[in-house]
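A.B. asks: Sharing a structure, written as structure tokens. Questions coming.
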Amino acid sequence: MTTTGTLAAASSTAFGPRPVFPTAADKEAYELAGQDIVLHDGLLHCKSHMKQVCADCNADYSTHNFITRQLAANKMALPPANPQMEQAIQRLKTEGNELFRGQSHFEAAQKYTEALNVAAQRPLWDASTTIVEETTVLMSNRAACLLELGHAPEAYWDTEVVTRLKRGWSKGHFRMGRALMDLGRCGQAANEFRVGASLDASAREIQSALETAEEYV
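Under the numbering used here, the residue at position 165 of the sequence shown is numbered 165, and the numbers go up by one with no gaps.
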């Protein structure tokens, strides 16, 4: 049985560089029943070639093995959120907000998209509440930009995601209602405004939008 040496990058045309991890030669290997996988030193490998990343077997266990090593290093505790990632997301969102206030809606949308791209790189163990909060705020803000730019269909799809992830947020339903109004779907827009108003009775902007939508129903 071959063993992996120092931490290196496995290269293949199918997967590109992926992290692989060292394994101890004296550790026993176990085949997982009914699967072409071998567990060696706590890490997954393909059965045919004993690789953690194998293009021939169309196998990539790098993420699983990375989490395994991280948990072991942290005594089975999940690692904390990356502060640099949080700072990057917050910086891009703030820049987007400033651009939006300055009526630079296209550039603001680009900043929110950049922030979403960073947020999408969060590791699997980060708190789902953090991921949902970031995603919904950024997509809602981008929807506001798209509405100002006259891209109602794209704004609608952003708000569709927002309202699915955060059903109890009045702003998400308000912006979905605005997108539906721009698409000429006034009845559906009124329904979204009603939901938003029920979640935040003090929001005059939503109530005013509801009254306008009801005039067209």
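Backbone N, C-alpha and C fix where the C-beta goes; we use that ideal spot for every residue, glycine too.
Would you report the Cα separation of residue 152 and residue 203, rounded to the nearest angstrom?
C.D. replies: Roughly 22 Å separates the two Cα atoms.
A.B. asks: Give me the Cα-Cα distance between residue 123 and residue 64, rounded to the nearest whole angstrom.
C.D. replies: For residue 123 and residue 64, the distance between alpha carbons rounds to 11 Å.
A.B. asks: Could you compute how far the alpha carbon of residue 168 sits from the alpha carbon of residue 199?
C.D. replies: Each residue's Cα considered, the two are about 7 Å apart.
A.B. asks: I'd like the ranges of any alpha helix (DSSP H) spanning at least 4 consecutive residues and lying wholly in the segment 58-105.
C.D. replies: Runs found: 62-73, 83-101.
A.B. asks: From what residue to what residue does the beta strand (DSSP E) around residue 133 run?
C.D. replies: Note, residue 133: premise wrong, no beta strand (DSSP E); alpha helix (DSSP H) at 128-148.
A.B. asks: Evaluate the contact criterion for the segment 77-92 versus the segment 43-51: three or more CB pairs, one atom per stretch, below 8 Å.
C.D. replies: Cβ pair count under 8 Å is below three, so no.
A.B. asks: I need the boundaries of the alpha helix (DSSP H) containing residue 29, first residue and last residue.
C.D. replies: Premise fails: residue 29 lies in the beta strand (DSSP E), 29-31, not in any alpha helix (DSSP H).
A.B. asks: Considering only residues of the same chain and omitting the five flanking positions on each side of residue 182, which have a CB-CB separation below 6 Å?
C.D. replies: Contacts found: 152.
A.B. asks: Have a look at 35, 140, 20, 50 and flag the residue whose alpha-carbon is nearest the alpha-carbon of residue 28.
C.D. replies: Selected option, being the one with the closest Cα: 50.
A.B. asks: What residue range does the alpha helix (DSSP H) around residue 180 cover?
C.D. replies: First-last of the alpha helix (DSSP H) with residue 180: 170-182.
A.B. asks: At the level of alpha carbons, what is the spacing between residue 187 and residue 211?
C.D. replies: Roughly 12 Å separates the two Cα atoms.
A.B. asks: Count the C-beta pairs between the segment 122-142 and the segment 169-181 that are closer than 8 Å, then say yes if the count reaches three, no if not.
C.D. replies: With a cut-off of 8 Å, the segment 169-181 and the segment 122-142 count as touching, because enough Cβ pairs lie within range.
A.B. asks: Could you check where the beta strand (DSSP E) with residue 162 kicks off and where it finishes?
C.D. replies: Residue 162 -> not in any beta strand (DSSP E); alpha helix (DSSP H) instead, spanning 152-165.
A.B. asks: Please confirm whether residue 213 and residue 177 have their CB atoms less than 9 Å apart.
C.D. replies: Cβ distance < 9 Å, so residue 213 and residue 177 count as in contact.
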